[in-house]
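K.L.:
So for the sequence shown, the working numbering puts the first residue at 90; every next one is plus one.
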Amino acid sequence: MNNTKPLALVTGASSGIGETFARRLARDGYGLILVARRRDRLDALARELGGAESLAADLTSEADLKLVEERIATARNLELLVNNAGFGTKGRFFDIPVDSQDRMHRLHVMATLRLTHAALGGMVARGKGGVINVSSVAGFGQSPGNVSYCATKAWINSFTEGLHVELKRAGSPVKVQALCPGFTLSEFHDVVRMDRKSIPARLWMRAEDVVDASLDGLARGKLFVVPGPIYVLAVKLISCIPRWARIALAIRYSKEVKTD
Ligand SMILES: NC(=O)c1ccc[n+]([C@@H]2O[C@H](COP(=O)([O-])OP(=O)(O)OC[C@H]3O[C@@H](n4cnc5c(N)ncnc54)[C@H](OP(=O)(O)O)[C@@H]3O)[C@@H](O)[C@H]2O)c1
């Protein structure tokens with residue numbers, strides 16, 4: 090790999106938003122390290138992008154997470170880390186096996202924490218770089234059937250905000266961003282077995298537009314990026330409603346949850 094190029098590491102690069110980040114960053118002149126479990130997908134994308142590095146890893150596994158941390162530690166020209174890998178589940182917390190909820194916390198919380206820590210030391214020392222943590226508009230509230238999803242995305246928002254304050258206070262130019270998309274066309278809804286038709290067409294966004302908004306926001310040093318005017322409005326409204334009223338509205342009006 091060409092060491093003079095700035096390097097970006099993208100987790101969850103085998104599909105959806107992560108794959109779209111990888112394509113856009115390659116066009117922008119970054120060398121790439123692509124991380125996900127499906128090696129065949131990563132290798133095909135790496136070939137297509139002209140020699141990116143694929144690193145097959147299950148980020149919920151301690152051994153694989155260590156491998157990725159070690160790779161980050163040796164990447165002296167790492168300028169961007171995109172913590173994007175994630176998934177949703179179907180069903181009420183008390184109905185479904187705890188295993189999937191445990192894995193979700195490992196992936197959304199622990200992998201984000203560990204990879205960000207592995208990257209930031211070098212970036213701060215070099216006075217250069219950025220971390221994008223892919224959260225969700227779901228991180229601004231709660232809804233039945235999404236308890237761990239909303240909680241882990243709220244953690245990502247809080248974690249990223251804390252890092253932003255620390256970095257600014259330390260006078261570091263390193264940037265962090267919590268990217269909070271709404272419904273985005275990807276494989277996410279196949280994994281969670283959700284019918285896309287149950288969501289109004291105007292609410293769907295293209296991954297390309299989400300990634301453009303994120304990178305545009307990063308260039309401007311924006312901490313929270315919410316792509317799409319509908320979602321900007323939704324987040325503003327949610328933020329104005331007192332917590333007690335948000336809870337009452339969620340109990341009264343949220344969709345009935347089916348657990349299969
Ligand atoms: N699509 C939406 O509506 C939406 C909305 C808001 C936020 N988001 C967030 O956007 C991010 C990307 O999701 P997406 O919509 O692009 O869905 P996606 O197409 O299903 O992509 C998810 C990616 O995460 C990887 N991944 C899942 N489990 C992993 C694990 N244990 N270790 C390593 N990689 C893993 C998957 O690759 P492998 O299966 O090959 O491992 C895949 O590349 C997620 O954090 C999601 O929460 C999505």
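Virtual Cβ for every residue (Gly too), placed ideally from N, Cα, C.
Quick caveat, the model's predicted, so the values are computed rather than measured.
1. Does the Cβ of R112 have 16 or more other Cβ atoms within 10 Å, making it buried, or fewer, making it exposed?
2. To the nearest angstrom, how far is it from the Cα of E250 to the Cα of H206?
3. How is K264 classed by DSSP in three states: helix, strand or coil?
4. Go to E297, then tell me how far its alpha helix (DSSP H) extends in each direction, as first and last residue.
5. Given a threshold of 16 other Cβ atoms within 10 Å of its Cβ, counted over all protein chains shown, does Y342 qualify as buried or as exposed?
6. For the segment 212-265, list the alpha helix (DSSP H) runs that are entirely contained and at least 4 residues long, ordered along the chain.
7. Relative to the alpha-carbon of N235, which residue among D284, G101, S275, K179 has its alpha-carbon at the smallest distance?
8. What does the alpha-carbon distance come out to for the pair S303 and V314?
9. Quick one: what does DSSP say L131 is sitting in, helix, strand or coil?
10. Does ligand 1 have a heavy atom nearer than 7 Å to the CB of G211?
11. May I ask whether a heavy atom of ligand 1 can be found less than 7 Å away from the beta carbon of S303?
12. Restricting to Cα atoms, I'd like to know which of L312, S189, S232 is closest to K344.
13. Applying the 10 Å Cβ sphere with the 16-neighbour rule, what's the burial state of K264?
14. Three or more beta-carbon pairs under 8 Å between the segment 252-269 and the segment 134-152, yes or no?
15. Please name the residue or residues paired with T100 in a DSSP beta bridge.
16. What whole-angstrom Cβ distance do A54 and L274 have, given they're in contact under 8 Å?
17. Can you check DSSP and say which residues form a bridge with L170?
18. Please identify the residue among D117, L322, G140 whose C-alpha is closest to the C-alpha of V226.
19. Report all residues from its chain with a CB closer than 6 Å to the CB of G310; omit the five preceding and five following residues, and keep chain order.
20. Is V171 near ligand 1, judged by its Cβ being under 7 Å from some heavy atom?
21. Got a sec: does ligand 1 put a non-hydrogen atom nearer than 7 Å to the Cβ of T273?
P.N.:
Looking at the coordinates:
1. buried
2. 15 Å
3. strand
4. 296-308
5. exposed
6. 236-258
7. K179
8. 6 Å
9. helix
10. no
11. no
12. S232
13. buried
14. no
15. V124
16. Examination of residue 54 is not possible in this model, given that the chain is present from 90 through 349 alone.
17. L98, V220
18. L322
19. K264
20. no
21. yes
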